[in-house]
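Q:
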Amino acid sequence: MSSKSKRPQPTGALRDTRIVYGAGCTYWGGIYSIGRGPVGLPGCPYCGGLLYEVQTEEEYLDCIDVNSAAAGDFGYSGFIRWNKGRPCKSLHPDLDGDSAFERLRAEYEAERQKNLQ
Ligand SMILES: [Zn+2]
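The sequence shown runs 27 to 143 under our numbering.
1. Spatial neighbours of Ser125 within its chain, please: CB distance less than 6 Å, with the 5 preceding and 5 following residues excluded, ordered by chain position.
2. For Pro36 and Asp42, I'd like the C-alpha separation in whole angstroms.
3. Going by the CB atoms, is the gap between Gly55 and Arg63 shorter than 7 Å?
4. Assuming Ile45 contacts Tyr102 under a Cβ cut-off of 8 Å, what Cβ separation, rounded to an integer in Å, is found between them?
5. I need the DSSP call for Tyr72, collapsed to helix, strand or coil.
6. Between the C-alpha atoms of Ala49 and Gly123, what's the straight-line distance to the nearest angstrom?
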């Protein structure tokens, strides 16, 4: 989250639009949200894990939307948007990573239901 970031955040044309997402966790967010991993390299702001990047949020979400539609799971796009900047869950199999997105999605659905009441 930007509140955790110590990096200056330029505006306008100087703003870095890259999006990062976890290689081994469920995190995604703006480039200014990155933290530091165990040996000081840039990493996930929550677990310090390795991050991948794309050039813009639009590129990231377009990919999510295409895959959601291909899978016939149109609620997935809303879930991923909700997950932006949230604390991550590990995707490592020894840490129940196989079900990380399912558990995170259950949190999303519970929050949605609560907000509908
Ligand atoms: Zn993480």
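Note that beta-carbon positions come from the ideal geometry of N, C-alpha and C, so glycine has one too.
A: Looking at the atomic coordinates:
1. none
2. 8 Å
3. One detail in the question is off: residue 63 reads as Gly in this sequence, not Arg. Going by C-beta atoms, Gly63 is not nearer than 7 Å to Gly55.
4. At roughly 17 Å, the Cβ-Cβ gap does not stay under 8 Å, so Ile45 and Tyr102 are not in contact.
5. coil
6. 12 Å
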